[in-house]
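Mind the numbering: the sequence shown is residues 503 to 1021 in our numbering, read in order. Since the structure comes first, as structure tokens, the remarks are kept for the end.
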Amino acid sequence: MDTLTAAALAGTSQRPSADLASGTDVDALAERLAERLPNGEAERTLLLQAGALAVYRLAGRLPEALPADPPAPAPAETLPVCSPGAAELLRQLLSGRNADLLPEALERMRAAGLRLPPDLLPLALRSREREPRQALVHVLGARGRWLAAQNTAWSWVAQTLVESAETLPDDAETIWQEGTTAERLGVLRQLRAVDPARGREWLAAVWKQEKADTRAALIETFAAGLGSDDEAFLEAALDDRAAAVRDTARSLLARIPTSAFTARMRARADAVLVYKNGALDAKPPTALEKDAIRDGITEKPPRGTGEREWWLAQIIRAVLPSHWVRRFGAGPDTLIAATAASKWRSTILANWTQAAVSFDDTPWIAPLWSFWLQPAPKKEDVDRDGLRALLAPRLPPAEREAWALAALADPGGKHQPDLDATLAVLPRPWSIPVARTYLAGLRACVAALTAKSPNVSPWDDTLDTAALALPPQCFDAALEPFDIPADNRHWYIQQFSRQLDAFADAIRIRRRIHEEIRV
């Protein structure tokens, strides 16, 4: 805080005039101004001094002296620059207009082996989102990478390059010792991928000196190259004072099949699930022991959830689902069906789903998916759409597509899942059959509108997803006009008409991207 601000906050009567010096040429001017004022007008003196200092600062400043050894010039470019048309499109996208189309444009630039023109580099380097940054580093060119090295605010470029490099940089240890937190994370993650033991040694040497949030980020790098040799370090981290560190350590230990943590959680799970005479039921614990709390089972449940249900859920989701196949001698389909009579069925299956996704337990994905596609019973308190969204990315693309085509054939069906959620998990761009089926369904919905139609559900929720996912072969079909009844004044339909305009704008921009950036 400067002296004038401090004096204004404390009060002029609390600060002698000698304390108001700013250390600039303004001080001499302020003395001359003060001589013309009656004695005792300290407030006016302060205001005059502040005004003079503000004008002084606006007038500019002397440039800093150049360093004795200026940086070497940027190396020569090896990539051709993109076309002026592509540059103008990228300028709009980088400025925030239709920014959700930027990843596609950057990916086409990378695939075409093109770079950004020099005048776009400062705008590109100001990017704050992780996804665009990961794509931008490939199109900055030699000059862009050089420019990024001159400004610490753009250090994300060096970090991203380290993370994406196929080999560890020669100065990896220097980066680890002297780099920013982001750079250290990048080089440690890469080292863990090629030499887990050395990465663990690096972290162990500085562990006690790191701040809590830094420890939490650094220990996440153990996901690369994770193995039984990491168990001792992670087990000790269960007693860390930072909750985020403890949580990460637990999730990593659970992925080491031979860890003591995994054995403890399996023993708890074996005590709460019972399979007898073809029926599977649960016996949730009635109390928690201290060692269970240390292993991450929290006592207090979320609002609306009972304690025993909450403890049961945490225990089940911490165990690889395939453990139950070995323990009970039955496959996933049989075990899922065996829960039919249990009052804990939803809790068991929802947390088997969480565990199957967390541990990437492939044999359980399709059986659980099939179960959650079934109609929900009355009073079921489970987010089936959310669970399907977790499972869908792990299904084979052909199976996801078949599911989407079935949903498009009956978008308003009573037992159909949310249409936009169904389409959102498909690989992009969509296949031509899915895209054509989607457009045909959308046009049929619009054609059926009348002057009294109140809504266009569920198609209105799908337009943003479709605008990004339709393949180029369907751009022309998507841009054919939609005829909204002119005499329909319902606000919902008018809003849908604006959504269609935005959909068409996005498709036009995507078409220009594909025309200007040819791969």
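We put the beta carbon where it would ideally sit given N, CA and C, even for glycine. All values reported here derive from a predicted model rather than from experimental measurement.
With a cutoff of 8 Å on beta-carbon distance, ALA840 and LEU782 are scored as near each other. In this structure, the alpha-carbon of GLU685 lies about 47 Å from that of LEU837. DSSP places ARG805 in the coil class of the three-state scheme, outside both helix and strand. In this structure, DSSP gives LYS792 a helical state, which the three-state scheme calls helix. Distance from the CA of SER844 to the CA of ALA911, rounded to the nearest whole angstrom, comes to 34 Å.
Within a 10 Å sphere around the beta-carbon of SER959 sit fewer than 16 other beta-carbons, which makes this residue exposed.
As computed with DSSP, ALA781 is found in a beta bridge with LYS778. Secondary structure of ARG617 (DSSP, three-state): strand. Closest option to LEU625, judged by alpha-carbon separation, among PHE873, ALA589 and LEU616: ALA589. Where LEU596 is concerned, the enclosing alpha helix (DSSP H) starts and stops at 586-596. A contact is defined here as three or more CB-CB pairs under 8 Å, and the region 808-827 fails this definition with respect to the region 736-746. Residues of the same chain with a CB within less than 8 Å of the CB of PRO973, apart from the 5 flanking positions on each side, are PRO931, TRP932, SER933, ILE934 and ALA937 in chain order.
For LEU638, same chain residues with a beta-carbon under 7 Å away, outside a window of 5 residues either side, are LEU608, ALA626 and SER629 in chain order.
In this structure, ILE867 sits near ARG896, with a CB-CB distance shorter than 8 Å. Excluding its 5 nearest sequence neighbours in each direction, THR683 has C-beta neighbours in its own chain below 8 Å: THR716 and ALA719, listed in chain order.
The closest CA to that of LEU822, considering only GLU680, LEU754, GLU801 and PRO804, is found on LEU754. Of the residues assessed, THR800 falls on the exposed side of the cut-off, its CB having fewer than 16 other CB atoms within 10 angstroms. Secondary structure in the region 851-910: the alpha helix (DSSP H) runs of 4 residues or longer, each lying completely within the stretch, are 864-875 and 886-893 in chain order.
If you check the CB distance, GLN692 and GLU665 come in under 8 Å.
Under DSSP, VAL583 forms a beta bridge with ARG617.
By the neighbour-count criterion, in which a residue is buried when 16 or more other Cβ atoms sit within 10 angstroms of its Cβ, ILE1009 is buried. One Cα belongs to ALA530, the other to ASP673, and the distance between them is close to 51 Å. With a contact defined as Cβ atoms closer than 8 Å, VAL696 and LEU670 qualify at about 6 Å.
By the criterion of a C-beta distance shorter than 6 Å, PHE724 is surrounded in its chain by ASP732 and LEU754, once the five residues flanking it on both sides are discounted. For GLY943, the closest alpha carbon among the candidates LEU928, TRP961 and ALA926 is that of TRP961. Secondary structure remark: continuous alpha helix (DSSP H) runs of at least 4 residues inside the region 814-842, in chain order: 824-830 and 834-840.
Scanning TRP709, LEU925 and LEU550 for the CA closest to the CA of ARG534 turns up LEU550. Burial is judged here by how many other beta carbons sit within 10 angstroms of a residue's own beta carbon; ILE850 has at least 16 and is buried.
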